[in-house]
Amino acid sequence: MKAIYILWLRQIKKYFRSRSRIIGSMAQPLLFLVAFGYGFGSVYEKAGEGSYIQYLAPGIITMSMVMTAIFSGIDVIWDRKFGFLKETMVAPVSRWKIFLGKILGGSTVATIQGLIVFGLTLVVGFKPINWWMMPIALMFSLLINLLFTALGTMIASKLEDMQGFQLIMNFLIMPIVFLSGAFFSLDGLPKGIKFITKINPLTYGVDGLRGALIGINSFSFWNDAGILILLSVIFLALGTYFFEKIKV
Amino acid sequence: MIENIIEVKNLVKSFKNFKAVDDISFSVKKGEIFAFLGPNGAGKSTTIKMLTTLLEADSGTIKVNGFSPEKDKDNIRKSFGIVFQDPSVDEDLTAWENMEFHALLYGIPKKERLVKIKELLEFVELWDRRNDLVSKFSGGMRRRLEIARGLLHHPKILFLDEPTLGLDPQTKNHMWNYIREINKKEGMTVFFTTHYMDEAEKMAQKVAIIDHGKIITQGTVESLKRETKSKSLEEAFLVLTGDVIRNEEATPTDFMRNRRPR
Numbered sequence: 000m001k002a003i004y005i006l007w008l009r010q011i012k013k014y015f016r017s018r019s020r021i022i023g024s025m026a027q028p029l030l031f032l033v034a035f036g037y038g039f040g041s042v043y044e045k046a047g048e049g050s051y052i053q054y055l056a057p058g059i060i061t062m063s064m065v066m067t068a069i070f071s072g073i074d075v076i077w078d079r080k081f082g083f084l085k086e087t088m089v090a091p092v093s094r095w096k097i098f099l100g101k102i103l104g105g106s107t108v109a110t111i112q113g114l115i116v117f118g119l120t121l122v123v124g125f126k127p128i129n130w131w132m133m134p135i136a137l138m139f140s141l142l143i144n145l146l147f148t149a150l151g152t153m154i155a156s157k158l159e160d161m162q163g164f165q166l167i168m169n170f171l172i173m174p175i176v177f178l179s180g181a182f183f184s185l186d187g188l189p190k191g192i193k194f195i196t197k198i199n200p201l202t203y204g205v206d207g208l209r210g211a212l213i214g215i216n217s218f219s220f221w222n223d224a225g226i227l228i229l230l231s232v233i234f235l236a237l238g239t240y241f242f243e244k245i246k247v
Numbered sequence: 000m001i002e003n004i005i006e007v008k009n010l011v012k013s014f015k016n017f018k019a020v021d022d023i024s025f026s027v028k029k030g031e032i033f034a035f036l037g038p039n040g041a042g043k044s045t046t047i048k049m050l051t052t053l054l055e056a057d058s059g060t061i062k063v064n065g066f067s068p069e070k071d072k073d074n075i076r077k078s079f080g081i082v083f084q085d086p087s088v089d090e091d092l093t094a095w096e097n098m099e100f101h102a103l104l105y106g107i108p109k110k111e112r113l114v115k116i117k118e119l120l121e122f123v124e125l126w127d128r129r130n131d132l133v134s135k136f137s138g139g140m141r142r143r144l145e146i147a148r149g150l151l152h153h154p155k156i157l158f159l160d161e162p163t164l165g166l167d168p169q170t171k172n173h174m175w176n177y178i179r180e181i182n183k184k185e186g187m188t189v190f191f192t193t194h195y196m197d198e199a200e201k202m203a204q205k206v207a208i209i210d211h212g213k214i215i216t217q218g219t220v221e222s223l224k225r226e227t228k229s230k231s232l233e234e235a236f237l238v239l240t241g242d243v244i245r246n247e248e249a250t251p252t253d254f255m256r257n258r259r260p261r
């Protein structure tokens with residue numbers, strides 16, 4: 000337990016020590032909120048769909064969390080490059096504990112990031128319908144972040160360096176975010192794309208979070224949470240396996 | 000009591016198309032200071048990685064402190080401390096936090112932890128700087144911190160992979176003094192690699208020389224010198240390994256080190 004705790008604590012400390020990272024990570028969601036929110040807002044309202052900011056805010060929070068989560072995972076590459084991974088891997092600690100400690104740290108950081116962006120959305124006019132639903136929103140945030148930190152960490156355990164980075168950004172993160180219903184409703188999509196959104200785990204994360212924040216769901220909370228939990232468990236097992244085989 | 004704390008028999012490790020370690024056997028006695036020498040790319044680091052559970056051997060047997068890496072990884076891991084060839088401290092943490100991280104990973108109880116961290120940081124003369132971020136430390140200070148960290152969990156064996164690379168003579172001298180002191184006081188076995196033959200000559204009770212993945216010779220410094228009719232270990236080393244310069248290709252690691260965003 001102590002090992003998991005100290006791995007977690009390290010991530011938290013490193014996050015709060017990099018102010019530039021915190022400030023930098025606020026810029027993108029703010030830009031999306033302003034550009035999309037105000038840009039598409041009037042069209043959305045004319046179509047009789049209500050306030051676009053209300054619809055968009057949970058999506059922006061999710062996007063920002065997913066990016067922080069995946070990049071927290073990918074941090075393992077820096078640990079590898081700067082030797083710290085070796086220090087962790089020669090320690091008499093089971094690999095699942097190392098993996099779990101890392102992803103708990105990364106997902107805590109991503110959740111803090113989510114709270115910051117949530118604050119930003121309130122500033123630009125977002126209103127959650129029911130503050131009592133906050134614990135559920137928080138739970139979905141944690142689940143999303145666990146899943147995607149685990150994914151990032153697994154990718155990093157296989158990557159030798161940052162060369163594959165752009166590839167991940169463009170072919171993984173962007174499609175996952177854009178085809179999850181974060182920015183637009185999935186109801187009217189063509190069949191092929193609809194299928195992709197169905198197998199995209201983030202679809203269920205966005206749906207759960209949006210349900211908790213503004214009360215609009217495509218699936219039930221149980222369905223959303225169940226899929227996220229199941230995948231997280233699978234990723235934990237897979238990640239442990241990857242960490243057994245990791246080259247340092 | 001185990002007489003040989005490290006025992007290696009017929010160890011082999013290949014990467015894609017070359018044999019990094021080609022059927023080597025050697026043993027290190029408990030309490031011994033053992034130098035593992037060889038030109039670049041000879042197989043030193045690969046061997047250390049296998050001894051320290053970071054890499055699996057293709058064939059052959061390894062016993063470290065009586066345990067074999069197939070069955071008893073964690074027991075081996077508890078038995079040794081290591082200072083890697085490349086830096087391995089976390090720059091964004093303080094000296095104290097780096098020590099604490101290590102102590103918690105190795106499950107050292109709180110009371111002992113506080114005493115031991117203080118003792119070791121004083122030992123390597125970093126106690127006054129304990130609350131400074133490691134990013135402010137010089138190369139020598141980082142090395143000292145790594146040594147303190149490697150000793151924190153009372154290892155029976157200390158692995159040092161080119162520990163003095165890039166250090167000034169003062170720091171080098173200090174470092175070896177610490178290590179000799181602990182070796183004497185606690186009977187800790189020391190296994191080290193270096194390119195500085197004077198260092199090996201001064202420190203090592205036993206030497207093994209590896210080249211192209213094979214151990215060419217092993218014995219005391221004196222016996223090596225006699226065998227090659229040389230005046231110094233450096234001369235003996237050159238006689239045994241030839242004077243062709245070895246190239247090691249730059250790894251992605253070297254590439255990355257030059258472009259870390261800060």
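Chains V and W are the protein sequences, given in the same order.
Under numbering that gives the first Met the number 0, the residue at position 18 of the first sequence is numbered 17, and the numbers go up by one with no gaps.
Under numbering that gives the first Met the number 0, the residue at position 163 of the second sequence is numbered 162, and the numbers go up by one with no gaps.
Glycine included, every Cβ here is placed at the ideal spot set by N, Cα and C.
Everything numeric in this text was worked out from a predicted model, so none of it was measured.
Nearest to residue i (by Cα), restricted to the options the options
{"i": "L208(V)", "options": "K197(V), D223(V), F194(V)", "result": "D223(V)"}
{"i": "I167(V)", "options": "L150(V), F182(V), S179(V)", "result": "L150(V)"}
{"i": "D131(W)", "options": "M98(W), F35(W), S44(W), I156(W)", "result": "M98(W)"}
{"i": "S58(W)", "options": "D85(W), D71(W), K43(W), K8(W)", "result": "K8(W)"}
{"i": "F220(V)", "options": "I245(V), L142(V), D160(V)", "result": "L142(V)"}
{"i": "I5(V)", "options": "T87(V), P174(V), V247(V)", "result": "T87(V)"}
{"i": "L151(W)", "options": "L223(W), R179(W), L239(W), W95(W)", "result": "W95(W)"}
{"i": "W77(V)", "options": "L125(W), F83(W), D89(W)", "result": "D89(W)"}
{"i": "P38(W)", "options": "R225(W), T219(W), I215(W)", "result": "I215(W)"}
{"i": "E200(W)", "options": "E234(W), N64(W), I61(W), E118(W)", "result": "E234(W)"}
{"i": "M153(V)", "options": "I195(V), M138(V), A68(V)", "result": "A68(V)"}
{"i": "L166(W)", "options": "L237(W), R141(W), D197(W)", "result": "R141(W)"}
{"i": "D206(V)", "options": "G58(V), Q10(V), A26(V), L237(V)", "result": "G58(V)"}
{"i": "I215(V)", "options": "G180(V), F117(V), G23(V), N199(V)", "result": "G180(V)"}
{"i": "V82(W)", "options": "S67(W), T93(W), S134(W), H101(W)", "result": "H101(W)"}
One or two residues paired with residue i in a DSSP bridge
{"i": "F190(W)", "result": "F33(W), F158(W)"}
{"i": "Q217(W)", "result": "A207(W)"}
{"i": "D21(W)", "result": "V11(W)"}
{"i": "K28(W)", "result": "N3(W)"}
{"i": "G82(V)", "result": "Paired residues: none, contrary to the question."}
{"i": "V63(W)", "result": "I5(W), F66(W)"}
{"i": "I81(W)", "result": "F158(W)"}
{"i": "T45(W)", "result": "For T45(W), which the question treats as bridged, DSSP gives no partner whatsoever."}
{"i": "T93(W)", "result": "L132(W)"}
{"i": "S58(W)", "result": "V11(W)"}
C-beta neighbour in chain W for residue i, strict 8 Å
{"i": "L99(V)", "result": "no"}
{"i": "V247(V)", "result": "yes"}
{"i": "R18(V)", "result": "no"}
{"i": "A155(V)", "result": "no"}
{"i": "E48(V)", "result": "no"}
{"i": "M132(V)", "result": "no"}
{"i": "A224(V)", "result": "no"}
{"i": "I5(V)", "result": "yes"}
{"i": "P200(V)", "result": "no"}
{"i": "G82(V)", "result": "yes"}
{"i": "V75(V)", "result": "no"}
{"i": "P57(V)", "result": "no"}
{"i": "V116(V)", "result": "no"}
{"i": "P91(V)", "result": "yes"}
{"i": "K45(V)", "result": "no"}
{"i": "M88(V)", "result": "yes"}
{"i": "R9(V)", "result": "yes"}
CB contact check: residue i to chain V, cutoff 8 Å
{"i": "Y177(W)", "result": "no"}
{"i": "T51(W)", "result": "yes"}
{"i": "G138(W)", "result": "no"}
{"i": "L164(W)", "result": "no"}
{"i": "G40(W)", "result": "no"}
{"i": "D91(W)", "result": "yes"}
- request: Would you list, in chain order, the members of the region 53–86 of chain W that have their beta-carbon closer than 7 Å to a beta-carbon of chain V?
  value: Listed by position, the residues of the region 53–86 of chain W near chain V (Cβ gap below 7 Å) are L53, D73, R76, K77, I81, F83, D85, P86.
field: Chain-ordered residues of the region 25–36 of chain V with a beta carbon less than 9 Å from chain C
entry: Note that chain C does not occur in the displayed structure, where the protein chains are V and W.
query: Are there three or more Cβ pairs, one per stretch, closer than 8 Å when the region 26–44 of chain W is compared with the region 1–11 of chain W?
result: yes
message: Does the region 124–132 of chain V come into contact with the region 93–103 of chain V, if we say contact requires no fewer than three beta-carbon pairs (one atom in each stretch) closer than 8 Å?
response: These segments do not touch.
Any 3 or more C-beta pairs closer than 8 Å across the region 67–87 of chain V and the region 153–165 of chain V: Touching, per the Cβ criterion.
query: Would you call the region 53–73 of chain W and the region 226–236 of chain W touching, i.e. three or more CB-CB distances under 8 Å?
result: no
- request: Decide if the region 89–100 of chain V is in contact with the region 167–178 of chain V; the criterion is three or more beta carbon pairs, one per stretch, under 8 Å apart.
  value: no
message: Please list, in chain order, the residues of the region 97–128 of chain W that have any C-beta partner in chain V closer than 8 Å.
response: Correct list: E99, F100, H101, L103, L104, Y105, G106.
Under 7 Å (Cβ pairs) to chain W, residues found in the region 162–196 of chain V: Those would be none; no residue qualifies.
- prompt: Is the region 33–48 of chain W close to the region 194–211 of chain W, with three or more CB pairs under 8 Å?
  reply: yes
- prompt: Is the region 164–172 of chain W touching the region 122–131 of chain W in the sense that three or more CB pairs, one from each, lie closer than 8 Å?
  reply: no
message: Between the region 182–201 of chain V and the region 108–115 of chain V, can you find at least three pairs of beta-carbon atoms closer than 8 Å?
response: no
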